[in-house]
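Chemist: Going by my numbering, 748 is the number at position 303 of the sequence shown; the sequence numbering is gapless.
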Amino acid sequence: MTIRAVPVGIGHYLPARVVENAEFEKTLDTSDAWIRSRSGIERRHFAAEDETTSQMAIAAGTAALTHAGLTAADIDALVVATSTPDLTFPSVATMVQAGLGMTGGFAFDVQAVCAGFVFALANANALIVSGQARRVMVIGAETFSRIMDWTDRSTCVLFGDGAGALILEAQDGAGTSDDRGVLATDLNSDGTHRDLLYVDGGVSSTQSTGVLRMEGQEVFRHAVEKLAQTADAALTKAGLSHDDIAWIVPHQANLRIIKRTAQKLGVDMDRVVVTVQDHGNTSAASIPLALSVGVARGQIKPGDLLVAEAIGGGLAWGAVVLRW
């Protein structure tokens with residue numbers, strides 16, 4: 446027998462405020478057509494002034510518990526992927542732990558920017574496989590609207606806020622690729638590309654939050670190459686091929702990146718879960734949001750083989766092969 450980390454619950458939360466592309470036309474030299482043609486984004490959600498990352502994560506976590514038919518007392522560990530925490534410390538995860546009413550177990554944050562959920566999922570899988578936890582909630586949550594330069598039309602129109610949560614449970618598997626649950630992970634980073642995507646502030650450098658800076662064309666080039674490579678690597682580890690994929694659930698950064706990556710993997714777009722048009726780039730929240738929406742739409746069904754892949758600042762990138 447092999448222990449597998451099997452998904453048993455999923456949920457998400459989006460702020461009430463929906464910002465259509467046309468809203469940016471009032472303050473920037475841009476247009477709805479320009480934004481759509483370059484990113485595929487039509488709208489995004491922005492958190493209210495008094496709404497925080499932890500609050501959105503709590504809402505997503507509550508939805509996942511309801512979907513799973515569980516309570517906070519059933520969760521042994523909580524991992525939150527975020528680059529936009531409420532405070533420098535304590536972690537968002539401990540705030541979510543308290544907000545959910547989870548009085549036992551442990552909680553911590555993972556910071557790998559847009560690749561954060563993939564890194565957090567790999568950590569959660571390791572906790573379960575090693576026997577340190579039986580049930581782990583993994584959350585991606587971001588308020589990227591707090592770190593935008595609203596005068597930079599190349600970046601501020603791309604991002605949105607939201608949260609998604611996934612609950613994994615230890616279950617016995619046969620040790621084959623037919624098992625449900627996480628079958629393989631592949632994680633990578635290269636710090637020499639730091640200046641391609643970063644925030645120009647921080648505790649030890651400027652004592653300020655800073656705003657997002659990005660070399661868009663270079664990030665695009667790295668993304669297409671590295672996302673296909675990491676997806677291939679994870680599939681190879683799982684002993685599977687492109688033909689086995691039911692759904693790609695990619696980081697929702699840019700529709701052109703999503704299409705190019707699917708093309709490199711030889712997967713038709715009708716087997717790709719796409720939500721970028723409605724959410725924009727929600728960084729670490731984008732994959733769990735897409736998972737939750739895909740389940741709610743009836744696209745993702747038990748037994749489907751999923752490949753989730755993401756790349757973010759660092760650069761950090763990775764993929765997870767998961768049978769739903």
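Built from N, CA and C at the ideal position, the CB exists for glycine as well.
1) Hey, could you find the ends of the alpha helix (DSSP H) Ile480 is sitting in?
2) If you measure between the beta carbons of Gly456 and Ala492, is that distance less than 8 Å?
3) When burial is assigned at 16 or more other CB atoms within 10 Å of the CB, is Lys746 buried or exposed?
4) How many angstroms separate the CA atom of Gln616 from the CA atom of Arg666?
5) Going by the DSSP bridge assignment, what does Leu632 pair with across the sheet?
6) Identify the continuous beta strand (DSSP E) that holds Asp606 and give its terminal residues.
7) Within its chain, find whatever has a CB closer than 7 Å to the CB of Thr475; leave out the 5 residues flanking it on each side and keep chain order.
8) At what residues does the beta strand (DSSP E) containing Ala586 begin and finish?
9) In three-state DSSP terms, what is Arg598?
10) By how many angstroms is the C-alpha of Gly655 removed from the C-alpha of Val648?
11) Since Asp677 is in the alpha helix (DSSP H), which residue starts that stretch and which ends it?
12) Once the 5 residues before and after Arg579 are set aside, which same chain residues still bring their CB inside 8 Å of it?
13) Consult DSSP for Phe534 and reduce its assignment to one of helix, strand or coil.
14) Please report the distance separating the alpha-carbon of Thr720 from that of Ala735.
Modeler: Let's see:
1) 477-484 is the extent of the alpha helix (DSSP H) around Ile480.
2) No, the pair does not count as a contact, with Cβ atoms beyond the cut-off.
3) By the neighbour-count criterion, in which a residue is buried when 16 or more other Cβ atoms sit within 10 angstroms of its Cβ, Lys746 is exposed.
4) If I take the Cα positions, the gap works out to 39 Å.
5) The secondary-structure analysis by DSSP pairs Leu632 across a beta bridge with Gly763.
6) First-last of the beta strand (DSSP E) with Asp606: 606-618.
7) Contacts found: Phe469, Arg598, Val602.
8) Taken as a continuous stretch (DSSP letters only), the beta strand (DSSP E) holding Ala586 covers 580-588.
9) Arg598 falls in the coil class under three-state DSSP.
10) Taking the straight line from one Cα to the other gives about 10 Å.
11) According to the DSSP assignment, Asp677 belongs to the alpha helix (DSSP H) that extends over 661-683.
12) Hits under 8 Å: Asp521, Ile573, Glu614, Ala615.
13) If DSSP states are grouped into helix, strand and coil, Phe534 belongs with coil.
14) Going from the Cα of Thr720 to the Cα of Ala735 covers about 6 Å.
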